[in-house]
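Below: one structure, written as structure tokens.
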Amino acid sequence: MRPVGPRLRSRLRLAAVAVLPLLLTACAQQPQTEQGKKVYTLYNITLAIAVLIGVGVISMILLSCVRYRKQPGDESMPPQTHGNTVFEVVWTAIPTVIVLALFGMSFVTIRAIDKPSGNHAAIIEVRGYQWSWTFDYGTNAAGTRVLVKTESNRTPPQMIVPVGEKVHIEQRSDNVMHSFFVPAFLFKRDLIPGKANGFDITVTSPGVYHGQCAELCGTDHAQMTFSVKGVSRAEFDKWFNEFRPPLPKCEDTAKAATEYTVTALQGRAEWETPCAYLKAGGPVSLTMHNQGGLPHNIAVFEGPMTENKPVGKPGKIINSGSDTVALPALEAGKDYRFYCQVHPLMEGLVKVSP
Amino acid sequence: MTTVASRPSHATPAPKKRSKIVDYLTTTDHKKIGVMYLYFSFFAFLVGGMLALGVRAQLATPGGTMIEDPDTYNALFTMHASAMLFFFIIPIWAGWGNYIVPLQIGALDMAYPRINALSFWLLPAGFVTMFSGYLMKGGPAQAGWTEYPPLTAARFMPGYGTDLWIVGLLLVGISSTLGAINFMVTIFKMRAPGMTMFRMPVFTWNILVTSILTLLALPVLTSALIMLFIDRNYGGSFFDPGVGGNAILWQNLFWFYSHPAVYIMILPAFGLISEVIPVFSRKPLFGYKAFVFATIAIGGLGFSVWAHHMFATGQVLLPFFALMTAFIAVPTGVKFFNWIATLWQGKITFESPMLFAIGFLTMFLIGGLNGMFTASPPVDYALHDTYWVVAHIHDVLFGGSVFAVFSSFYFWYPKVTGRMMDDKLGKVHFWITFVGFNLAFFPMHMLGLEGMPRRIASYSANPQWAFLNKISTLGAFIIGVSIFPFVYNLWKSRKGPIAGNDPWKANSLEWWTSSPPPVHNFDSLPQIRSERPVLDERLQREAEAALAKGASA
Chain A
1 MRPVGPRLRS
11 RLRLAAVAVL
21 PLLLTACAQQ
31 PQTEQGKKVY
41 TLYNITLAIA
51 VLIGVGVISM
61 ILLSCVRYRK
71 QPGDESMPPQ
81 THGNTVFEVV
91 WTAIPTVIVL
101 ALFGMSFVTI
111 RAIDKPSGNH
121 AAIIEVRGYQ
131 WSWTFDYGTN
141 AAGTRVLVKT
151 ESNRTPPQMI
161 VPVGEKVHIE
171 QRSDNVMHSF
181 FVPAFLFKRD
191 LIPGKANGFD
201 ITVTSPGVYH
211 GQCAELCGTD
221 HAQMTFSVKG
231 VSRAEFDKWF
241 NEFRPPLPKC
251 EDTAKAATEY
261 TVTALQGRAE
271 WETPCAYLKA
281 GGPVSLTMHN
291 QGGLPHNIAV
301 FEGPMTENKP
311 VGKPGKIINS
321 GSDTVALPAL
331 EAGKDYRFYC
341 QVHPLMEGLV
351 KVSP
Chain B
1 MTTVASRPSH
11 ATPAPKKRSK
21 IVDYLTTTDH
31 KKIGVMYLYF
41 SFFAFLVGGM
51 LALGVRAQLA
61 TPGGTMIEDP
71 DTYNALFTMH
81 ASAMLFFFII
91 PIWAGWGNYI
101 VPLQIGALDM
111 AYPRINALSF
121 WLLPAGFVTM
131 FSGYLMKGGP
141 AQAGWTEYPP
151 LTAARFMPGY
161 GTDLWIVGLL
171 LVGISSTLGA
181 INFMVTIFKM
191 RAPGMTMFRM
201 PVFTWNILVT
211 SILTLLALPV
221 LTSALIMLFI
231 DRNYGGSFFD
241 PGVGGNAILW
251 QNLFWFYSHP
261 AVYIMILPAF
271 GLISEVIPVF
281 SRKPLFGYKA
291 FVFATIAIGG
301 LGFSVWAHHM
311 FATGQVLLPF
321 FALMTAFIAV
331 PTGVKFFNWI
341 ATLWQGKITF
351 ESPMLFAIGF
361 LTMFLIGGLN
371 GMFTASPPVD
381 YALHDTYWVV
391 AHIHDVLFGG
401 SVFAVFSSFY
411 FWYPKVTGRM
421 MDDKLGKVHF
431 WITFVGFNLA
441 FFPMHMLGLE
451 GMPRRIASYS
461 ANPQWAFLNK
471 ISTLGAFIIG
481 VSIFPFVYNL
491 WKSRKGPIAG
501 NDPWKANSLE
511 WWTSSPPPVH
521 NFDSLPQIRS
531 ERPVLDERLQ
541 REAEAALAKG
551 ASA
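Residue numbers (the numbering used here), protein chains in the order written: chain A, 1 to 354; chain B, 1 to 553.
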């Protein structure tokens, strides 16, 4: 056996430098929920074991490469070792023990995170659409439906939760798969069409946390962001009770007509302008022009689509081109809205003037 | 004593160009088919690589300004993965399997030569079908290589791209199935006298296990693809919940094939590494039988872990799949120990094949270790569908399979062409690849921890991710550059030094015959008394020569 040379030592040091970034990654995301903290602990334990194994194995590889490299002129055969039962049993046992230990810890953590519990400060129904979210808190004391969504499809929606209290998230999707992912919570769960899904979170500190869809859901998947804001209980109650649903802003001064055309933008789940201006008192018609790239239709409702009070018949779903719906006489002052039923977040207002 | 009949040089007069083309188009020779597989899959590697550079160029800036239309970007990464997985990694091992397996077991050819040709020709057909999506209105498939419904239902993904992807993959599936049957029959029935199962080279063993995996798992994917095609075109309702289907069903069926497919991509690489390390350490593979059993164990366990791709759905039995996934680490760990024990006390030389094999050991190790994290469901909740997973698959498939592919080219090129590759250029290729690989994929771990999801065309809301992404993009382009010395080396070495039968002083039968081998593969075979027949003969010859020298002295 030759002593470990300086060249080897410098190589080992190199190996240590190579794993440094891995160690740094431990500080990448600080968990902001109780559940996330458990994941974080498990992550760090796994990291420690992985680094230990990694450094050990890479050192062994480099050590053998350095120590047992062929010396010039040495043409003799090395010892022809075919195996060693004791060693082989030992190194089958070692990884078995390690993976069983890690599995045990994962099992305990799964139980702690996914344990169902009935005590929730709020139950929020999260719905995924192409390509945004709605957060539905139910009805507040004033009788207003607390439903958070994007305003004219621009600002990502924000979920408000009370800090330090367990909140239940129910997940639904009527279209494609999505995944509710907040990196700072070290958690994600998929929204699966046709299947209710859900989980609990307890946000531990106030702040705004970035979230976004983590399951490819089509064209604007990357734009499907949201945020979660942790606030105090008092602040949460105030927000919840004073909630007013935002509506698109349409100017009343525009000229009303008996026919009006709205445009669905090329390849986007978005109206060019979410406003239609129609005359009151007589039959009118509303035309959708679909620039193409996505299937859309147009349907008019009184109030939000969720209240399901249709006005006239809904239009056909078309991939491009125009489709017109005939509407009965509209009354000025009533809350009419138009939607694409394929993309329920494509909401627009029908302004009716005499 | 067995001797090698000295053969006349088979530098047959150069055939006319056209006749050579016709020869390849109509051949049923496993070696020529193998070479066509290699050419084709290397071409797919270049195509997939260009698409990857497009992906990386887009992600170099948060706004992703290079590609305006996100659909174009979605198609890029979908087709990148499809080209790399289905047309590069899987077929390139089928190519080496074709060329090498009959030679390693002392057979004349594959069992079914014409089916063998059909297996190959289905591949370019599948490739053309899948990639003709680029000529269609709406572009090619763009729902990721996993093609999860209901996103792939016709109402969300109109156009022919997805249908062409399905049909293309079906053709690949038929190719793989026929190939798997062919390998199994060849290996079970056509071994030379004395070549018992436990004297087979490990590469052949791994091709055998891979073929069994393919044969058992692929029918499930084939059924799923047909069901998806029916859903899209004939009003079926298998997977779209909007019409009464079950979206999770696709994921179960898809991963029931596609997880074993990971082993279909890596087991032949393990086999190759287990050929190269003993040769360049001048030792037998440590624990040959344990190694074979570990391969079989990985293949078997591979069927019970598919749902670890679905932890985040919350719809699978977490403890079962977590435990099974954890167990896969045991046979893989055994392999690592065996490789290191083979190096230990060896007389190691570092020619290009060995350099890439050592690269494989260190890089694949990282891919194994970061897999430990996602094997734990709670940690996977954080890391699933982030760039951590992208790092993991590339550590395993690039750091693993691709390093082994490069090693295999340097190792077997002399056998195929009769010429040595330039070793210096090979080392240049290795170091550029090694640096590029680490720059491209290591930062992705950190991006994943910071929460960057995969498959996003831009990240304007998180400009802090730009720095690591730029490093990754730089690394990807360095990998791109690394291809040039390799391709140049392949081309210039056609006139390299004559290799002779056995330039590496290797162990298995392919080194017994001439380089390149004659049409009928062997003029003679040595006695096969161990898993290293060529070494046994060499040692015997040396001993006899020494004896003769002693006697004459």
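All C-beta atoms in this analysis are idealised placements derived from N, C-alpha and C, irrespective of residue type, glycine included.
Check: Tell me, please, whether the region 368 to 386 of chain B touches the region 471 to 479 of chain B by the rule of three or more beta-carbon pairs shorter than 8 Å.; Outcome: no
Check: Give every residue of the same chain whose Cβ lies closer than 8 Å to the Cβ of aspartate 323 of chain A, excluding the five residues on either side of it in the sequence, and list them in chain order.; Outcome: Thr287, Met288, Asn290, Asn297, Ile298, Gly315 and Lys316
Check: Under 7 Å between C-beta atoms, does proline 79 of chain A make it to chain B?; Outcome: yes
Check: Quick check: the region 147 to 157 of chain B against the region 173 to 193 of chain A, are at least 3 beta-carbon pairs closer than 8 Å?; Outcome: yes
Check: Between alanine 111 of chain B and lysine 189 of chain B, how many whole angstroms is the CB-CB distance? I'm expecting something under 8 Å.; Outcome: 6 Å
Check: Would you say aspartate 190 of chain A lies against chain B (beta-carbon separation less than 7 Å)?; Outcome: yes
Check: Starting from lysine 347 of chain B, find everything on chain A with Cβ-Cβ shorter than 9 Å and list it in chain order.; Outcome: Tyr68, Arg69, Lys70, Gln71, Asp74, Glu75, Ser76, Met77 and Pro78
Check: Helix, strand or coil, according to DSSP, for serine 76 of chain A in the structure here?; Outcome: coil
Check: For glycine 129 of chain A, write down the residues that DSSP places opposite it in a beta bridge.; Outcome: The amino acid occupying residue 129 of chain A in the given sequence is tyrosine; glycine does not appear at that position. A/Ser132.
Check: Tell me which residues of the region 380 to 391 of chain B have at least one Cβ-Cβ distance to chain A shorter than 8 Å, keeping chain order.; Outcome: Tyr381, Ala382, His384, Asp385 and Thr386
Check: In terms of residue numbering, what span does the beta strand (DSSP E) encompassing arginine 69 of chain A cover?; Outcome: Here arginine 69 of chain A belongs to no beta strand (DSSP E), and DSSP marks it neither H nor E.
Check: Contact criterion: CB-CB distance below 7 Å. Does valine 311 of chain A meet it with respect to chain B?; Outcome: no
Check: Taking only beta carbons into account, state which residues of the region 312 to 326 of chain B come closer than 8 Å to chain A, listed in chain order.; Outcome: Ala312, Thr313, Gly314, Gln315, Leu318, Pro319, Ala322, Leu323 and Ala326
Check: What residue range does the alpha helix (DSSP H) around tyrosine 234 of chain B cover?; Outcome: It is not in any alpha helix (DSSP H) - tyrosine 234 of chain B carries neither H nor E in the DSSP assignment.
Check: Could you give the distance in angstroms between the alpha-carbon of serine 205 of chain A and the alpha-carbon of isoleucine 328 of chain B?; Outcome: 39 Å
Check: Can you grab the Cα-Cα spacing for the pair alanine 506 of chain B / proline 278 of chain B, in whole Å?; Outcome: 8 Å
Check: Span of the beta strand (DSSP E) holding serine 82 of chain B?; Outcome: Counting along the chain, serine 82 of chain B falls outside any beta strand (DSSP E), though it belongs to the alpha helix (DSSP H) covering 70 to 82.
Check: Figure out for me which residue from A/Gly54, A/Glu272, A/Pro95 and A/Val126 has the closest Cα to the Cα of lysine 149 of chain A.; Outcome: A/Val126
Check: According to the neighbour-count rule (16 or more other Cβ atoms, all chains shown, within 10 Å of its Cβ), is lysine 313 of chain A buried or exposed?; Outcome: exposed
Check: Let me check understanding here. Comparing Cα to Cα, which of B/Ile212, B/Gly359, B/Met157 and B/Leu365 lies closest to methionine 184 of chain B?; Outcome: B/Ile212
Check: Take every Cβ of the region 259 to 275 of chain B, pair it with every Cβ of the region 397 to 413 of chain B, and state whether three or more of those distances are shorter than 8 Å.; Outcome: yes
Check: I think lysine 166 of chain A touches serine 117 of chain A, with their Cβ atoms under 8 Å apart; what is that distance to the nearest whole Å?; Outcome: 7 Å
Check: Take serine 175 of chain B and list the residues in its own chain whose beta-carbon comes closer than 6 Å to its own, dropping the five residues that flank it on each side.; Outcome: Ser119, Leu122 and Leu123
Check: Which residue marks the beginning of the alpha helix (DSSP H) containing glutamate 235 of chain A, and which one marks its end?; Outcome: 233 to 241
Check: Counting only Cβ-Cβ distances shorter than 9 Å, please list the residues of the region 104 to 116 of chain A near chain B, keeping chain order.; Outcome: Met105, Ser106, Phe107, Thr109, Ile110, Ala112, Ile113 and Asp114
Check: Mind checking histidine 434 of chain A: buried by the 16 CB within 10 Å criterion, or exposed?; Outcome: Residue 434 of chain A falls outside the range modelled here, since chain A spans only 1 to 354, and no answer is possible.
Check: From which residue to which residue does the alpha helix (DSSP H) around valine 262 of chain A run?; Outcome: It is not in any alpha helix (DSSP H) - valine 262 of chain A instead sits in the beta strand (DSSP E) that spans 259 to 264.
Check: Smallest Cα separation from isoleucine 90 of chain B: which of B/Ser258, B/Gly236 and B/Pro219?; Outcome: B/Ser258
Check: Quick one: does phenylalanine 42 of chain B have its CB under 7 Å from some CB of chain E?; Outcome: Of the protein chains in the structure, A and B, none is chain E.
Check: According to DSSP, is asparagine 290 of chain A part of a helix, a strand, or is it coil?; Outcome: strand
Check: By the DSSP assignment, the beta strand (DSSP E) with glycine 321 of chain A in it spans what residues?; Outcome: 321 to 327
Check: Can you check which of these residues, B/Gly138, B/Pro113, B/Arg419 and B/Glu544, is closest to glycine 292 of chain A by C-alpha distance?; Outcome: B/Gly138
Check: Would you say proline 344 of chain A lies against chain B (beta-carbon separation less than 7 Å)?; Outcome: no
Check: Taking the straight line between their C-alpha atoms, what separation do you get for serine 458 of chain B and tyrosine 277 of chain A?; Outcome: 36 Å
Check: So, are the CB atoms of threonine 433 of chain B and serine 401 of chain B less than 7 Å apart?; Outcome: no
Check: For the 8 Å Cβ check, are there 3 or more pairs between the region 201 to 219 of chain B and the region 290 to 303 of chain B?; Outcome: yes
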